[in-house]
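Read the structure below first, then the notes.
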Amino acid sequence: MSYKNILSTTQNGITTITINRPTKLNALNKETIQELHEGFKAANKDKNTKVIIVTGSGEKAFVAGADISEFANFSVDNGGKLAAKGQELLFDFVEKLETPVIAAVNGFALGGGLELAMACHFRVASDNAKMGLPEVSLGVIPGYGGTQRLPQLVGKGRAMEMVMTAGMIDSETAKNYGLVNHITTQEELLPLAEKIAGKIMRNSTVAIAKAIKAINANYKDGKNGYKVEIKQFGKCFGTEDFIEGTTAFLEKRKANFPGK
242 MSYKNILSTT QNGITTITIN RPTKLNALNK ETIQELHEGF KAANKDKNTK VIIVTGSGEK
302 AFVAGADISE FANFSVDNGG KLAAKGQELL FDFVEKLETP VIAAVNGFAL GGGLELAMAC
362 HFRVASDNAK MGLPEVSLGV IPGYGGTQRL PQLVGKGRAM EMVMTAGMID SETAKNYGLV
422 NHITTQEELL PLAEKIAGKI MRNSTVAIAK AIKAINANYK DGKNGYKVEI KQFGKCFGTE
482 DFIEGTTAFL EKRKANFPGK
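Residues 242 to 501 in the working numbering are what the sequence shown lists, from first letter to last.
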């Protein structure tokens, strides 16, 4: 598939999606959000893709925010529709993907950029990364899930402070907060993400998909995460991956999982 604002490459079981708007610091406009939806959807369906890594082009920014010029003149109704559509197409969509998604945060991840990173299953960052939700400085609030996912990751008090001050935190602070899992240099960022992806790919993709569903359930209103875990645990027993995994263990050999 041909894209205007993103790049997508697949190698050794990893699809790397790069947001490619360097002159705009990779800001998210409607077209880019749609292309990201298509890119993630295609990678998730691809039997050769076991892990997805998303990053930004260049060394300055992962995603520096939403493209403000697109919505500066919006009405109340248009603003609500913008948030609803964006969450459906990209942010909730990524969170629910069965394929693990790692955000490789290379530089600024602000506003919609941090919201995209938080929608991924976990995050690694370069040591020059800066993260924040500056929306209140524009007279608006985060609309792509930021007010929900940030407190889940860093706690209510820290999230309140970050949102209210509209300030940025550096990668070390983000790691201390639990917002990112690992920090490394700009040069080693993608190699680190790929190394972690390699560890993930040794395991059952079927079981990982069910684990993602069970973990996510704990953060959804009206969902009993324990019941979802029980259901997904039970479903594992009907899979080829379970048969292969347990057989390999008993035979003291490495499992060769069928995969997607």
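Even for Gly, the Cβ is constructed at its ideal location relative to N, Cα and C.
Reduced DSSP category for residue i - H, G, I as helix; E, B as strand; rest coil
i: A458; result: helix
i: T414; result: helix
i: R364; result: strand
i: A313; result: coil
i: V381; result: coil
i: G463; result: coil
i: L269; result: strand
i: A496; result: coil
i: V304; result: strand
i: T425; result: strand
i: L248; result: strand
i: M359; result: helix
i: M403; result: helix
i: D287; result: coil
i: N444; result: coil
i: Y487; result: Position check: residue 487 holds Thr in this sequence, whereas Tyr was assumed. Of the three classes helix, strand and coil, the one that applies to T487 here is helix, per DSSP.
i: F478; result: coil
i: G320; result: helix
i: K451; result: helix
i: G280; result: helix
Whole-number beta carbon distance between residue j and residue i, since they are thought to touch under 8 Å
i: L338; j: N261; result: Not confirmed; about 21 Å, so no contact.
i: S249; j: I258; result: 5 Å
i: G386; j: A360; result: 6 Å
i: G384; j: L323; result: 7 Å
i: K301; j: L351; result: Rounded, the Cβ-Cβ distance is 12 Å, inconsistent with contact.
i: N289; j: T251; result: 6 Å
i: I309; j: L379; result: 7 Å
i: I410; j: M403; result: 7 Å
i: S445; j: G479; result: Contact flag wrong, Cβ pair sits at about 13 Å.
Residues bridged to residue i (per DSSP)
i: K371; result: F349 and D411
i: G297; result: I260
i: V219; result: Shown here, the chain extends from 242 to 501; a query on residue 219 therefore has no answer.
i: I255; result: Q252 and V292
8 Å Cβ cutoff, residue i in contact with chain C
i: N285; result: No chain C appears in this structure, which consists of one protein chain only.
Candidates the options, of which the one nearest residue i by Cα
i: M242; options: T487, A283 and L269; result: A283
i: E429; options: L266, F349, V335 and S367; result: S367
i: E481; options: K271, G500, N314 and R390; result: G500
i: F507; options: V469, F281 and V381; result: Nothing can be reported for residue 507, as the shown portion of the chain is limited to 242 through 501.
i: T406; options: F332, L420, N417 and V377; result: V377
i: L394; options: S445, D411, M409 and G419; result: G419
i: T273; options: M401, V447, G348 and G353; result: G353
i: F334; options: H278, I449 and A452; result: H278
i: A307; options: V317, T414, F332 and D318; result: F332
Point to revise | Cβ pair count under 8 Å reaching 3, the segment 343-359 against the segment 289-304 | key: yes
Practice item. State whether the segment 437-447 contacts the segment 314-328, with contact taken as three or more CB pairs (one from each stretch) at a distance under 8 Å. Key: no
Point to revise | Stretch pair the segment 484-494 + the segment 371-381: three plus CB contacts closer than 8 Å | key: no
Exercise for review: Mind the definition here: the segment 458-470 touches the segment 420-427 only if three or more C-beta pairs lie below 8 Å; say whether that holds.
Suggested key: no
Review point. So, do the segment 351-365 and the segment 388-397 have three or more beta carbon pairs nearer to each other than 8 Å?
Key: yes
Practice item. Take every Cβ of the segment 444-458, pair it with every Cβ of the segment 467-478, and state whether three or more of those distances are shorter than 8 Å. Key: yes
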